Each structure stands twice: as C-alpha cells, then as structure tokens.
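Beneath this line is the structure, given in structure tokens, with notes to follow.
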Amino acid sequence: MLGKAQAIQLRGQNNIMQPMIFSDTETAISSDVRAIAEEIKLYAANLYETRQFLCSEAVLVALNRGLGGGLTEEQAVSMAAPFGYAMGNSGCICGALSGAVMGAGLIMGNSNPYSRRKEMRESALMLHNAFKETNGATCCRILSKKVKHDKKAHFRQCADITANATEMAALLVLQRHPELLSNPSLQGITLKKKTLIGGLLTSFFRNFHK
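So the sequence shown is numbered by our numbering: it starts at 9 and just counts up by one.
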C-alpha cells in the first residue's frame, strides 16, 4: 500500500502529454507494473480506435479484462455506456475519466468493497487530479474545444485520452495493490487486438445479433 502519493508528469516524443504516473517517494514503479499497464493501455486504445467501443466503455472493458475485474464484457459495457459522450452528451465529465474511476474501483473493491470504500474514494480523487493536471481539464467540452471542428483531430485526441486514462488507472491499482501481480494471468499478459475492419465487423455483428 502506498503512502502519500505524488504525481509525476511525463512527456513523450513531440512533447505530447503522457499520463501522470502515481508514485510514492520511496517506491519505484517496477518494470512488471509498467508492462502490464502499457498492455492494458494499448488494448483500450485498440477498442476505441477500431470503433468497437466509446471512451468510457473502452476504458472499463480493458481494465476489467486486463486486471481480472470479474465482469462479463456485456456487464462492463452496460455500466460504462451511460458515461460515454461526457455522460450522455451532457458535455461535462470526460467518459474516459469516468471509465477509469469505475475500473479502479472495480478492481480495488473486488475482494472486499465494504472495507475499501474510503480507499476507492481517495483513488477517485487521485485519478481526477492527475487527469486534470495531464489534460488541463476534466470537462469534455473544454477538452474538445480546439478540435471540435476537426473530426480527425477530435477522434485522435479522444483515442489518446482514452488510452492514457486507462494507463493511469492500471498504474494506480497495481501500485496500491501489488498483490495483484501474483496472479499468473498477468505475467506476460497479451490482450488480443483487432484491425479497424475487424473491429467494425465485430461491432456490426454484435449489434445485428442483439
């Protein structure tokens, strides 16, 4: 369990914003944690970029699948769908952040939710603050203001935010609960990704079947 957490902002190539990394002053982030968080991040990005899911859905589905949340995909989508498009096109809280908070709560509280409610609230605040520091805002209409008239740029920004929010949540969960690393299914984890055509076909047949 981490003590007082710090948020360290990283920037990648071309000065593109990268997610805040949660780290205790005395705790280094292990390569195993980074590798798992990166794989889950890439999976969420793929779910969004291949048009299988919206931001909130992609984040929660990826965290649930990657960290063993115990939900079926259908259950994860049912929980996350109302938060897409900034909570049903309300324009405020970003769906990716909502998905990250739900996903972190799901994993942290999975074994004993009643005794971990305070920890989950604290983690929600940490994710909120880190997301805001990284992206400049948590409100969708503010985040998308500069790209709302450019569909391609808007989509790219949302894909990046979706991926980074997923990574934030995965890093936070794995650092606060390192015992999760003992799960054999997380060792060398690889989550199957689809091409754009594959994602579109999956989405089509899923909707057609229902």
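Virtual Cβ for every residue (Gly too), placed ideally from N, Cα, C.
Since the model is a prediction, treat every value here as computed from it, not as a measurement.
Length of the line joining the Cα atoms of residue i and residue j
i    : j    : result
P192 : V41  : 14 angstroms
R149 : N143 : 13 angstroms
M176 : P121 : 21 angstroms
S86  : G92  : 11 angstroms
R124 : E130 : 10 angstroms
L194 : V181 : 13 angstroms
I169 : R184 : 22 angstroms
A43  : H136 : 23 angstroms
A66  : K153 : 22 angstroms
A88  : S106 : 8 angstroms
I37  : L189 : 13 angstroms
N97  : F61  : 16 angstroms
L79  : S64  : 15 angstroms
K201 : L55  : 8 angstroms
E187 : H157 : 45 angstroms
N215 : E57  : 18 angstroms
S119 : Q83  : 18 angstroms
CB contact below 8 angstroms: residue i versus chain D
i   : result
G78 : Any reference to chain D falls outside this structure, which holds one protein chain only.
Counterpart residues of residue i in DSSP-defined beta bridges
i    : result
C147 : I101
Cut-off 6 angstroms between Cβ atoms - residues of its own chain near residue i, not counting five sequence neighbours on either side
i    : result
G7   : Past the boundaries of the shown model lies residue 7; the chain is included only from 9 to 218, so the question cannot be answered.
E34  : At E34, the pLDDT of 40 sits below 50, so the modelled position is not reliable and the matter cannot be decided from this model.
V109 : A132, L135
Other residues of its chain near residue i: CB distance less than 7 angstroms, five sequence neighbours each side excluded
i    : result
E81  : V69
A52  : A66, V67, A70, T170, A171, T174
K160 : none
A167 : A53, Y56, E57
Other residues of its chain near residue i: CB distance less than 8 angstroms, five sequence neighbours each side excluded
i    : result
R59  : L204, G207, L208, S211
E47  : G74, I197, T198, L199
A112 : L71, M128, S131, A132, L135, A177, L180, V181
C147 : A94, G99, C100, I101, C102
DSSP state of residue i mapped onto helix, strand, coil
i    : result
S193 : helix
R184 : helix
T203 : coil
T198 : coil
R124 : coil
S211 : helix
I37  : coil
Check your understanding: Whole alpha helix (DSSP H) runs in the segment 59-120 with 4 or more residues, listed along the chain?
Key -> Scanning the segment 59-120 from its first residue to its last, the whole alpha helix (DSSP H) runs of 4-plus residues come out as 63-75, 81-88, 92-97, 103-116.
Review point. For the segment 126-175, which segments carrying the alpha helix (DSSP H) assignment without a break, of at least 4 residues, lie completely within its bounds, in sequence order?
Key: Under the rule that a run must span 4 or more residues, the alpha helix (DSSP H) segments found entirely inside the segment 126-175 read 148-151.
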